[in-house]
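*Asks:* In my numbering, the protein residues as written are 217 to 529.
#1: Please return the same chain residues whose Cβ sits closer than 7 Å to the Cβ of residue 369, not counting the five positions on each side in sequence.
#2: From which residue to which residue does the alpha helix (DSSP H) around residue 295 run?
#3: DSSP three-state call for residue 512: helix, strand or coil?
#4: Spatial neighbours of residue 523 within its chain, please: C-beta separation below 6 Å, excluding the five flanking residues on both sides.
#5: Would residue 330 be called buried (16 or more neighbouring beta carbons within 10 Å of its own) or exposed?
#6: For residue 311, which option in 528, 326, 303 has the closest C-alpha, if you only look at C-alpha atoms?
#7: My understanding is that residue 421 touches residue 278, with C-beta atoms under 8 Å, so please give their C-beta distance in whole angstroms.
#8: Where residue 517 and residue 373 are concerned, what is the direct C-alpha to C-alpha distance, given to the nearest angstrom?
#9: In this structure, how does DSSP classify residue 259 when only helix, strand and coil are distinguished?
#10: Quick one: what's got a C-beta closer than 7 Å to residue 425's C-beta in the same chain, skipping five residues either side?
#11: What does residue 416 pair with, by DSSP beta-bridge criteria?
#12: Put residue 249 into one of helix, strand or coil per three-state DSSP.
#13: With a CB to CB cut of under 8 Å and the five nearest residues on each side skipped, what residues in its chain are close to residue 353?
#14: Any chance you could list the alpha helix (DSSP H) runs of at least 4 consecutive residues sitting entirely within the stretch 462 to 514, in chain order?
#15: Going by DSSP, what residue range makes up the beta strand (DSSP E) through residue 308?
#16: Quick check on this structure: which residue in 333, 423, 454 has the alpha carbon closest to the alpha carbon of residue 400?
#17: Take residue 408 as the anchor and find which of 439, 492, 386, 390 has the nearest alpha-carbon.
#18: Considering only residues of the same chain and omitting the five flanking positions on each side of residue 526, which have a CB-CB separation below 8 Å?
#19: Where does residue 431 fall in DSSP's three states?
#20: How would you call residue 414, buried or exposed, if buried means at least 16 neighbouring beta carbons within 10 angstroms?
#21: Determine the direct distance from the alpha carbon of residue 459 to that of residue 309, and round the result to whole angstroms.
#22: Over what stretch of residues does the beta strand (DSSP E) that includes residue 364 continue unbroken?
#23: Can you tell me the Cα-Cα spacing of residue 514 and residue 295, whole angstroms?
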């Protein structure tokens with residue numbers, strides 16, 4: 217067994233899934249159409265697994281931290297895998313929260329070899345040699361690493377630095393249906409790389425007023441990417457997260473973004489629930505940790521909506 221294979225075998229995530237106890241206080245599934253009094257939208261269950269190849273690359277982006285980017289990348293990926301899609305997750309954040317949320321902890325988390333940072337800096341290595349299997353069938357991932365924080369300085373003098381990730385992903389596009397990139401909470405070199413490599417963007421936005429103010433900045437960055445490095449890039453949707461059905465503030469924020477960005481807001485809403493943090497500690501997606509929870513239902517609905525809207529195959 218070669219070095220790469222041993223590394224992959226040793227770091228493969230182990231499921232620590234345990235049944236979650238019921239929580240009578242967990243909120244019911246919320247949708248934009250329901251909250252804003254619009255006509256209820258239903259999205260059919262995908263019935264056909266697409267032909268392999270030509271993966272849709274999707275960046276999960278917001279320059280603000282703590283808005284649910286990692287939660288969305290992991291659980292949307294898991295929900296897509298449940299309906300037969302072959303999914304690859306890329307942890308492109310120096311905090312490596314996605315890697316932790318998929319069961320990699322301790323010394324393995326700190327090891328640079330085999331991480332996306334290692335691959336960006338070693339032109340001889342191939343991404344496909346370092347793909348790890350998650351506990352969910354059909355859901356693979358590439359680890360993040362804390363040294364991603366040095367990207368701005370490390371790549372400052374490189375020619376075509378914006379295209380590094382696109383080149384790295386090219387050989388595996390025919391092996392997956394969807395590639396989801398969990399971006400860092402900034403709009404710097406790493407995020408520009410992710411957007412340049414992507415077909416579409418999902419923008420998670422916490423249902424708080426100050427979070428709305430940053431949406432215009434994200435959209436301006438996306439427009440600059442379209443003008444300079446990736447003219448095909450499109451916004452797939454703004455995803456309202458951390459919604460609290462019992463508070464008027466969450467509803468007011470949702471009304472505001474729906475008014476300011478019509479036709480761009482996903483109908484699916486992600487409500488705040490302790491199940492997300494619990495599943496992160498367990499090292500598995502919420503769809504595996506608490507399959508019947510509101511959080512699981514929300515991301516399964518988002519997967520259906522994304523496919524129905526053409527954002528994924």
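Here a beta-carbon is modelled for each residue, glycine too, at the ideal position from N, C-alpha and C.
*Replies:* Put simply:
#1: Within the chain shown, the letter at position 153 stands for residue 369. Nothing meets the Cβ criterion.
#2: As a first step, residue 295 is located in the chain shown; it is residue number 79 there, counting from the start. Counting along the chain, the alpha helix (DSSP H) containing residue 295 begins and ends at 285 to 298.
#3: The residue given as residue 512 occupies position 296 in the chain shown. Residue state, collapsed to three classes: helix.
#4: Residue 523 sits at position 307 when you count from the first residue of the chain shown. The residues are 262.
#5: For this step, residue 330 is matched to residue 114 along the chain shown. Buried is the call here.
#6: As a working note, residue 311 is residue 95 in the chain shown. Considering only alpha carbons, the answer is 326.
#7: Against the chain shown, residue 421 aligns to sequence position 205. Against the chain shown, residue 278 aligns to sequence position 62. Sure, about 7 Å apart at Cβ, within 8 Å.
#8: The residue given as residue 517 occupies position 301 in the chain shown. The residue given as residue 373 occupies position 157 in the chain shown. One C-alpha to the other measures close to 43 Å.
#9: Counting from one through the chain shown, the residue named residue 259 turns up at place 43. Residue state, collapsed to three classes: coil.
#10: Residue 425 sits at position 209 when you count from the first residue of the chain shown. Within the same chain, residue 425 has close Cβ partners 469.
#11: Counted from its first residue, the chain shown places residue 416 at position 200. Its beta-bridge partners are 274, 450.
#12: Residue 249 sits at position 33 when you count from the first residue of the chain shown. DSSP places residue 249 in helix when its eight states are reduced to three.
#13: Your numbering for residue 353 matches position 137 in the chain shown. The residues are 297.
#14: 464 to 476, 490 to 498, 502 to 505
#15: Against the chain shown, residue 308 aligns to sequence position 92. It spans 303 to 308 - the beta strand (DSSP E) in which residue 308 sits, taken as one unbroken run.
#16: Position 184 of the chain shown, counted from the start, is the residue given in the question as residue 400. Among 333, 423, 454, the Cα nearest to that of residue 400 is on 333.
#17: For this step, residue 408 is matched to residue 192 along the chain shown. Closest option to residue 408, Cα to Cα, is 439.
#18: By 1-based counting over the chain shown, the position of residue 526 is 310. The beta carbon of residue 526 is closer than 8 Å to none in its chain, skipping five residues each way along the sequence.
#19: The residue labelled residue 431 in the question sits at position 215 within the chain shown. In the structure shown, residue 431 falls within a helical segment according to DSSP collapsed to helix, strand and coil.
#20: Here residue 414 is taken as the residue at index 198 of the chain shown, counted from 1. Counting Cβ neighbours within 10 Å, residue 414 comes out buried, since at least 16 surround it.
#21: On the chain shown, position 93 is the one that residue 309 refers to. On the chain shown, position 243 is the one that residue 459 refers to. The straight-line gap from Cα to Cα measures roughly 24 Å.
#22: Taking the chain shown and counting its residues from 1, one reaches residue 364 at position 148. Neither: residue 364 is in no beta strand (DSSP E) and is coded neither H nor E.
#23: As a working mapping, residue 514 is identified with position 298 in the chain shown. As a working mapping, residue 295 is identified with position 79 in the chain shown. Looking at the two C-alpha atoms, the distance is approximately 10 Å.
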